[in-house]
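At the far end of the sequence shown sits residue 93, using the working numbering, and the numbering has no gaps. To start, the structure under review is shown below, and the notes come after it.
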Amino acid sequence: MSIEDRKKDHLLFSIRDDVESDIPAMFQDVHLIHDAVPEVNLEDIELTTVFLGHEFSAPLIVAGMTGGHSLAEKINAAIAEAVEELGLG
Numbered sequence: 005m006s007i008e009d010r011k012k013d014h015l016l017f018s019i020r021d022d023v024e025s026d027i028p029a030m031f032q033d034v035h036l037i038h039d040a041v042p043e044v045n046l047e048d049i050e051l052t053t054v055f056l057g058h059e060f061s062a063p064l065i066v067a068g069m070t071g072g073h074s075l076a077e078k079i080n081a082a083i084a085e086a087v088e089e090l091g092l093g
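Structure below.
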C-alpha cells in the first residue's frame, strides 16, 4: 500500500468512523486557576513572533497532516485559508 493510499484511508476513517478515544487524556485532572489581570489592556498584549524569517500573529504553527491525496485538497485548502486569515502562516 502506498503512502498516498494510507493517507486516503486515514481521511476516510476519520470521516466515517467513530475515532474518538475512550482513553482519557487526563485533562479532567487539570484545573485552571482564574487570575484576572484587569490592569492589563488586551490591546497592549502583543503575540507577534518571528520564526525562520517569517512573522506570525501568534506563536502557533499549524503543521499539515493530511498527506498528498486528492481527497485532502479541500481539507488542506480550508486549513490554509484559516491559517492565512489568522496570520499564522
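Cβ coordinates follow ideal geometry from the N, Cα and C atoms, glycine included. This one's a predicted model, so the numbers in the text were calculated from it and none came from an experiment.
Apart from the five residues just before and just after residue i, which ones in its own chain have a Cβ nearer than 8 Å to its Cβ?
i	result
residue 79	15 and 70
Report the rounded CA-to-CA distance for residue i versus residue j, giving the unit in angstroms.
i	j	result
residue 55	residue 34	30 Å
residue 42	residue 21	45 Å
residue 8	residue 83	19 Å
residue 32	residue 19	26 Å
residue 30	residue 86	29 Å
residue 45	residue 27	40 Å
residue 38	residue 25	29 Å
residue 17	residue 23	7 Å
Within a Cβ cutoff of 7 Å, which residues of the same chain sit near residue i, ignoring the five residues on either side of it in sequence?
i	result
residue 59	52
residue 48	none
Whose C-beta lies closer than 6 Å to the C-beta of residue i among residues of the same chain, with five residues either side of it excluded?
i	result
residue 5	none
residue 73	8, 11 and 12
residue 36	none
Considering Cα atoms alone, identify which of the options is closest to residue i.
i	options	result
residue 50	57, 62 and 40	62
Are the stretch 74-91 and the stretch 54-66 touching, with three or more C-beta to C-beta distances below 8 Å? yes
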